[in-house]
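Below is one structure; the comments refer to it alone.
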Amino acid sequence: MDECLFCGIVRGEVPCDAVYEDEALLAFRDINPQADRHVLIIPKRHLDGLCGLEGVEDSLLARLLRAAALVAKKEGIDKSGFRLVSNCGPDACQSVPHLHFHVLGGRPLSGQMG
Ligand code: DGP
């Protein structure tokens, strides 16, 4: 997946403002923030999205979810609250086909989900 934007970020070819990294995951600020705090969490390995998880080890998926709480704490929004979103496919406006979770917070968010 050489042409994948987020794979380019993982390889360091595309700059990012990283907030957390380990051997499996990278978290960095969204280039177009939709909230005061808006961080993307991605697996370093390319996965297309939520519908491409067949055969993916559960431990990686658990790490992604745990990283959301870690990032929220680092961003100082674990107590005030945050939202975790993963857009999947065209109706959800997924624009980058590399699995990612949005961590959004830092202000009261809309009660509307769609
Ligand atoms: P989605 O629409 O759910 O696929 O979210 C993709 C997000 O990726 C979108 O909120 C904007 C963000 N994004 C796109 N290009 C870049 C980039 O080059 N750098 C960073 N940091 N974020 C990007």
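In the numbering used here, the protein residues as written are 9 to 122. Think of the CB as a built atom: it goes at the ideal place given N, C-alpha and C, for glycine as much as any other residue. Computed from a predicted structure; not experimentally measured.
Through-space distance from residue j to residue i, alpha-carbon basis
{"i": "Arg37", "j": "Phe109", "result": "11 Å"}
{"i": "Ile17", "j": "Gly119", "result": "32 Å"}
{"i": "Asn95", "j": "Val22", "result": "22 Å"}
{"i": "Ser88", "j": "Leu78", "result": "14 Å"}
{"i": "Leu34", "j": "Ala26", "result": "7 Å"}
{"i": "Ser67", "j": "Asp44", "result": "30 Å"}
{"i": "Asp56", "j": "Pro116", "result": "30 Å"}
{"i": "Asp99", "j": "Lys82", "result": "31 Å"}
{"i": "Phe90", "j": "Lys52", "result": "23 Å"}
{"i": "Leu73", "j": "His46", "result": "16 Å"}
Same chain, Cβ closer than 7 Å to residue i, neighbours up to 5 away in sequence not counted
{"i": "Phe14", "result": "Ile50, Val104, His106 and His108"}
{"i": "Arg71", "result": "Ala32 and Leu33"}
{"i": "Asp30", "result": "none"}
Cβ distance (whole Å) where residue i is taken to contact residue j below 8 Å
{"i": "Ile85", "j": "Gly114", "result": "5 Å"}
{"i": "Val64", "j": "Leu92", "result": "Rounded, the Cβ-Cβ distance is 18 Å, inconsistent with contact."}
{"i": "Leu3", "j": "Leu69", "result": "It is not possible to answer for residue 3, since the shown part of the chain is limited to 9 through 122."}
Beta-carbon proximity of residue i to residue j, cut-off 8 Å
{"i": "Tyr28", "j": "Ala75", "result": "yes"}
{"i": "Cys24", "j": "His54", "result": "no"}
{"i": "Gly97", "j": "Cys59", "result": "yes"}
Same chain only: Cβ atoms within 6 Å of residue i, ignoring 5 sequence neighbours per side
{"i": "Asn40", "result": "none"}
{"i": "Cys101", "result": "Asn95"}
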